[in-house]
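2 protein chains.
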Amino acid sequence: MKQMFGIALAGLLAAGAGAVMANEGMWTMDHLPVKQMQQEYGFTPSAQWIDLVQHAALRLAEGCSGSFVSANGLVMTNHHCANSCLSQLSKGHEDYMSNGYVALKQEDEPKCPDVELNQLESITDVTAQVNAATAGKAGAERVKAEREVDSKLEQSCVNGDAKTWRCDVITLYNGGRYALYKYRRYQDVRLVFAPEQSIAFFGGDPDNFNFPRYDLDVTFFRAYVGGKPANTPKFFKFDPQGPKAGDMTFVVGNPGSTRRGLTWTELSALRDFQLVPVFGMLSELRGVLWQYARDGAQQAKESQELQFGIENSIKVYNGWLQTLADDNFVQHKQEQDAALRQWMAATAQRRAAYGDPWTELAHAQQRGQQLSTRYMMLERGIGLGQFGELFNDARILVRAAAERTKPDGERLPDFREANLPAVQQAVESNVPVYPRYEQTLLAWSLGRLRQSLGADDPTVHEVLGKQSPEQLAQQLVSGTKLADPAVRKQLWDGGEKAIQASSDPMIVLAREVDPESRKIRKAYEDEVKAPTDKANETIAKARFDRDGMSSYPDATFTQRLSYGKVVGWNENGAPVPPFTHFAGLYKRATGADPFKLPDSWIKAQSSLDMSTPMDFVTDNDIIGGNSGSPVIDRQGHAVGLIFDGNIHSLGGDFVYDGSNNRAVAVDTAALVAAVRKVYKLPRLADELIQGHL
Amino acid sequence: MKQMFGIALAGLLAAGAGAVMANEGMWTMDHLPVKQMQQEYGFTPSAQWIDLVQHAALRLAEGCSGSFVSANGLVMTNHHCANSCLSQLSKGHEDYMSNGYVALKQEDEPKCPDVELNQLESITDVTAQVNAATAGKAGAERVKAEREVDSKLEQSCVNGDAKTWRCDVITLYNGGRYALYKYRRYQDVRLVFAPEQSIAFFGGDPDNFNFPRYDLDVTFFRAYVGGKPANTPKFFKFDPQGPKAGDMTFVVGNPGSTRRGLTWTELSALRDFQLVPVFGMLSELRGVLWQYARDGAQQAKESQELQFGIENSIKVYNGWLQTLADDNFVQHKQEQDAALRQWMAATAQRRAAYGDPWTELAHAQQRGQQLSTRYMMLERGIGLGQFGELFNDARILVRAAAERTKPDGERLPDFREANLPAVQQAVESNVPVYPRYEQTLLAWSLGRLRQSLGADDPTVHEVLGKQSPEQLAQQLVSGTKLADPAVRKQLWDGGEKAIQASSDPMIVLAREVDPESRKIRKAYEDEVKAPTDKANETIAKARFDRDGMSSYPDATFTQRLSYGKVVGWNENGAPVPPFTHFAGLYKRATGADPFKLPDSWIKAQSSLDMSTPMDFVTDNDIIGGNSGSPVIDRQGHAVGLIFDGNIHSLGGDFVYDGSNNRAVAVDTAALVAAVRKVYKLPRLADELIQGHL
């Protein structure tokens, strides 16, 4: 449930939806539902508790969550959040993703090429500044003004030290509020321990988003500063017992995106013109990867990370499409919209204050529908190899070179000074490039380009010329030198001059398509995003005016706390108990993938207590991006590690249903037993229990 | 645009939708829109004209249309309708599908293993008989009664000679009318001529459903009787000039299925719970096949027929989903439903006569939603290898053996005596089986089974045991002997005893899953189809009562005539002219697949008149299944050969829009020029022009 391939278009997020249910909500740390928690659980967090939670919780910039679990920078996250690192560190015959990795001593902890951790330092309300900058502006003017004010705020926050700090202006409540998030940035992140993929993801795609479940989906990293383990006094101490049924639990992490505040106008357009086409595209790519991986172990290794991500996304899309096809949900949404719309038009004063954002919204969606295929193919790069490495690197190099010549406030947001360290880290990282795999992804992608835009489209003509997608892919992959990180570094350092002088065919392609890609992006931003944002800001304002700020903002891949308890649910009338145990794991094993246990677990069976809880579920309100989040208790101790939601949690993107929406976590009792008895790592086990090296 | 993979569930078809637009309609030959044709075109068909059209037009039982074009059994249809035959006849290094086939003399015409032609002999109204049999019955009782009466009618029609006659009871106007269609059956169908795939399907998937277009999508068969060319005095004489812009045109063929009469209740369920999931599944399989074919020429050959079919289906699904997401269409549908519902409830008499079929319909759809995944996986066989040959053969053998022991009226309709010859022909045909390809399809399919029903489903357990889909597929494909037609014939002839005694692993699997498959089929038929049929019958009756029988029934893969004219349309404000010419073909060629011309056309270029029309469009109302239909003129002469519709025609499944819905055809002028000058076949060209050998 990592946050990937969300084609949610930034800025289309809207405000929370009025009355909040028990346990519902992904709350910002500066606006916790103190009253509800006290009423429902008799718990009120202290200032100290809040401070601990805010600083011990982490964001993985690539799309996950994590936490410090020792004073020496030890980080707990999911195995599936470490996929890139494990793939990238595997060289030659090594395959850390499949076989796991163990650092027996500190010197064995290798640096992950492109993991970045973010620790939240502060949240500052900047609503007034943003509103002042965009007041009275629309379309391209509004886009420009917003970029400028965001850049100014971020730059002054980073204050010249982008290596240490990262600052992002975040739109909350769909424009009802803007906040400046300041993070401490950790880019030296090393690998401490990862189990085998077959236990981390036991049950594979068939069990993904299901429960009962038996996964040890964990990886431990360590943050380093100045070449030494970071000093991290604020961390979650491990509770080796794990939680009990009914215990109050908190999840702190970075839910990626929810769309609970969107209007039905936006949701129906989302379903029909984004989710359905992308669902088809991901399904097709899934088939390609499945067949590619059947060619052998090497091919399986090359493709497994993407395959996992795609399979995960397809389940997510299925869940979304089901919710958006649910008659009750649709009706409820339509009624909510109608009620607010009516309220906004009920007095002359309100009509004057709000105008008619609903019609604007509908027009913007129609325009979005016209632009979306081209936008996805060119600017999101789906028709240009976006799922591979080489074209992406080329595009980033081409774009970064051009953007870095501009004043910060005029750049595309990705290339603002505040973001450049992460971009540079990614583009220069030592990611292995597999030519046959790259060619496969690129040939597929170029085929989609021609198919989606038509053989007569001028951009398609420009890209393909008289070649087939296969021929061009072959030529590009065999001709480019971008697989070499040194070449990429040279091009990065050489800037615009080096890019313009380059005859590398992938750079040439990226250069060629850039004007058209920027054009469709601009059209999309000016004609779809800006009017949508503007309309949503007005709708959010009306909602605040009617309801007050009683709710939580839609998720934005920023730190949120959810509260709840350990509890099962009823499936087709039968209760699903909240815990699984080691005994069940061994019972479920078949010897055949994805139910094949690794040797380590087969050998350790007799030494393990079969009644040890393995995974558990809670009714905490989470969503993709929360992967790797710690589950903590009232004392602020770690009792679990979120790695999934059940199938009903997928609808949580649009609405929280506490009766069956469940978060799925690894029990800390299982983690401690596994580290000590299966992997025989007393040093790591002791660090977890004692809280320091 | 062959009729394939339609997951339209039989019997869910409803009546036409009130007022009919100019050129709209797929009319039955016994109920032609004589008045409209006269008013709009000043044309009234004579009895002789109708008789000619009815008998010269043909149905290809597998899912296409065709026509006699000489008195000696020469049949014109599409290249893509001959895919199976071309693949099946290709042995060793031959590849007739890619390279084409030319029979220089009559002895060179090889028999297609499983092509069956149907020539419509008569249509008999049997509404009274069917209504009498099902009166007052519901659920399982209704299913049983309908089967019995259908069987009785068909058997008496065939009158013991199922080799010569084929009779089907067809539901028209969604139960408003039932008709018995009697066909003459031709099972000895031989291959005369097919061009190369690269000219038949020039432009490939990118150009499919698009125009301008440059395809020579033709195959000529010849029907044989008693080992000699059939005597077919009723045929369409070739007009070697083709039509002119504005000319009145008729298309006679077998449109497969439309759903213009369905209620919105059914259409929204169709979209969300059938089309979207199947779209995802087809997309995934497309990816598998694409990657499979990249392994080499042999793999490309093995998979190309299915790949073409899947790509075609995906475009169709895209078109459908777009129409069903069109706000105007949805609103129009909902208003139509509401108006009829209101009319039905407006008087006490009507309320008593009709009851409330609308609520029944909604309940049946909900039940369908619950059952659909299991139904698709098991009974439609999508989770059991339905896209390959071996499991399908095993299932047919297992089912046929059991069904043939029952009285005709109690059998599953596919296995009634009237249908057995076609079933037997298919199961005993000499279709090449490629083990690696079969294993790929089966492994993929079994993976879908586990994924869709869950690893804990008892049927999944029974099928897979402790094996992975890949292991089981490998074991089944390497262990079965069903690739050998002689083995299949033995099992067919041996009947129930041979099936029960067989230890062939594929037969064992088919035997094992049969009870569960039949169970879900029965549940689906009794709880979804029967109440849907019953409700629709009532709604159809009300519609007749209100509007009279002024409209045409939804398409049912039976003979229909549509009328219209040669005319282009406007695309994004720019006119699309109705004709393309040879000159455009040569201009569009790139040398790279799918825009690569075959050598024959490159060599012939200088001998061809570049101004010869190649393809053209008309506003005839057609749909998938019409592939291979002749375009004829007022004189009953062939002027073209339907092979596609434009992209807007896809919405025609739900509504006809004459402003942009276009049929795409090969011009007879191009056909004659190609046969004579490119392929240098004076004998065939003369037969086309003279109308006889």
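Line by line, the protein sequences are chains Z and P.
Heads up: the first sequence begins at 989 in the numbering used here, then just goes up one per residue.
Heads up: the second sequence begins at 989 in the numbering used here, then just goes up one per residue.
Here a beta-carbon is modelled for each residue, glycine too, at the ideal position from N, C-alpha and C.
Nearest neighbour of Pro1566/P, chosen from Lys1232/P, Trp1480/P and Glu1290/P [CA to CA]
For Pro1566/P, the nearest C-alpha among the options comes from Lys1232/P.
Can you tell me the Cα-Cα spacing of Asp1674/P and Thr1207/P, whole angstroms?
The C-alpha of Thr1207/P is placed about 16 Å away from the C-alpha of Asp1674/P.
Closest by C-alpha distance to Thr1016/Z, when choosing among Val1041/Z, Val1496/Z, Asn1380/Z and Ala1580/Z:
Val1041/Z
Gly1612/Z vs Val1654/Z beta-carbon contact at 8 Å
no
Residues of chain P with a CB under 9 Å from the CB of Phe1267/Z: which are they?
Val1264, Phe1267, Gly1268 and Ser1271
His932/P classed as buried or exposed, judged by whether at least 16 other C-beta atoms fall within 10 angstroms:
Any answer about residue 932/P is impossible in this case: the structure gives chain P only from 989 up to 1681.
Under 8 Å from the C-beta of Tyr1280/P: neighbouring residues of chain Z
Gln1279
Here's the rule I'm using: 16 or more other beta-carbon atoms within 10 Å means buried, otherwise exposed. How should His1569/P be labelled?
buried
Over what stretch of residues does the beta strand (DSSP E) that includes Asp1632/P continue unbroken?
Ala1626 to Gly1633
Neighbouring residues, chain Z, relative to Gly1369/P (Cβ below 7 Å):
The contacting residues do not exist; Gly1369/P stays about 18 Å from chain Z at best.
Three-state secondary structure (DSSP) at Phe1403/P?
helix
Span of the beta strand (DSSP E) around Arg1173/Z:
From DSSP, the beta strand (DSSP E) with Arg1173/Z extends over Arg1165 to Tyr1174.
8 Å Cβ cutoff met for Gly1646/P and Met1009/P:
With respect to the 8 Å criterion, Gly1646/P and Met1009/P are classified as neighbours on the basis of their beta carbons.
Through-space distance from Ala1511/Z to Lys1132/Z, alpha-carbon basis:
About 13 Å.
At the 8 Å Cβ level, is Ala1432/P part of the contact set with chain Z, yes or no?
Note on residue identity: the sequence assigns Trp, not Ala, to residue 1432/P. Chain Z, which has a Cβ nearer than 8 Å to the Cβ of Trp1432/P, makes this yes.
How would you call Gln1295/Z, buried or exposed, if buried means at least 16 neighbouring beta carbons within 10 angstroms?
buried
So for Leu1092/P, helix, strand or coil by DSSP?
coil
Let's see if you can read the secondary structure: which residues bound the alpha helix (DSSP H) around Gly1356/Z?
Per DSSP, Gly1356/Z belongs to the alpha helix (DSSP H) from Pro1345 to Arg1362.
So what's Ile995/P in DSSP terms, helix, strand or just coil?
Since pLDDT at Ile995/P reaches only 31, below the 50 mark, its modelled position is unreliable, and no value is offered.
Got a sec? Which residues, its chain only, sit under 6 Å from Ala1388/Z by beta carbon, not counting five neighbours each side?
Phe1403
Limits of the alpha helix (DSSP H) - the one that Ile1487/Z falls within:
Pro1473 to Ala1489
Measuring only the C-alpha atoms, how far is Gly1006/Z from Arg1248/Z?
In this prediction, Gly1006/Z scores a pLDDT of 43, lower than 50, which makes its location untrustworthy; the coordinate-derived value is nonetheless stated afterwards. Cα-Cα distance, rounded: 10 Å.
List the endpoints of the continuous alpha helix (DSSP H) containing Glu1559/Z.
Not the alpha helix (DSSP H): Glu1559/Z falls in the beta strand (DSSP E), residues Trp1557 to Glu1559.
Please classify Leu1204/Z: does DSSP put it in a helix, a strand, or coil?
The DSSP-derived three-state label of Leu1204/Z is coil.
Contacts that Ser1456/Z makes with chain C (C-beta to C-beta distance below 7 Å):
The chain labelled as chain C is not found among the protein chains of the depicted structure, namely Z and P.
Using a Cβ-Cβ distance cut-off of 8 Å, determine whether Gln1439/P contacts chain Z.
Yes - at least one Cβ of chain Z is within 8 Å of the one on Gln1439/P.
In chain order, what residues of the same chain lie with their CB nearer than 6 Å to the CB of Phe1261/Z, ignoring the 5 residues before and after it?
Gln1357 and Ser1360
If we define contact as Cβ-Cβ less than 8 Å, is Gly1275/P a contact residue for chain Z?
yes
Near Ala1121/Z, which residues of its chain fall below 6 Å by C-beta distance, leaving aside the five closest residues on each side in sequence?
Ala1133 and Val1137
Taking all protein chains shown into account, decide if Asp1193/P is buried (16 or more other Cβ within 10 angstroms of its Cβ) or exposed.
buried
To which residues does DSSP link Ser1058/P through a beta bridge?
According to DSSP, Ser1058/P bridges with nothing at all.
Closer than 8 Å, Cβ to Cβ, to anything on chain Z: give me those residues from the segment 1186–1216 of chain P, in chain order.
Gly1191, Asp1193, Pro1194, Asp1195 and Asn1198
May I ask you to report which of helix, strand or coil DSSP gives Cys1155/Z?
Looking at Cys1155/Z - three-state DSSP - the assignment turns out to be strand.
Leaving out the 5 sequence neighbours to the left and right, which residues in its chain are closer than 6 Å to Thr1115/P when beta-carbon positions are compared?
For Thr1115/P, where only same-chain residues beyond five positions count, the Cβ hits under 6 Å are Arg1165 and Tyr1166.
Does the structure place the segment 1617–1627 of chain Z close enough to the segment 1210–1225 of chain Z that three or more beta carbon pairs sit under 8 Å?
yes
On the DSSP bridge list, what partners appear for Trp1037/P?
Looking at the DSSP assignment, Trp1037/P forms no beta bridge with any residue, so it has no partner.
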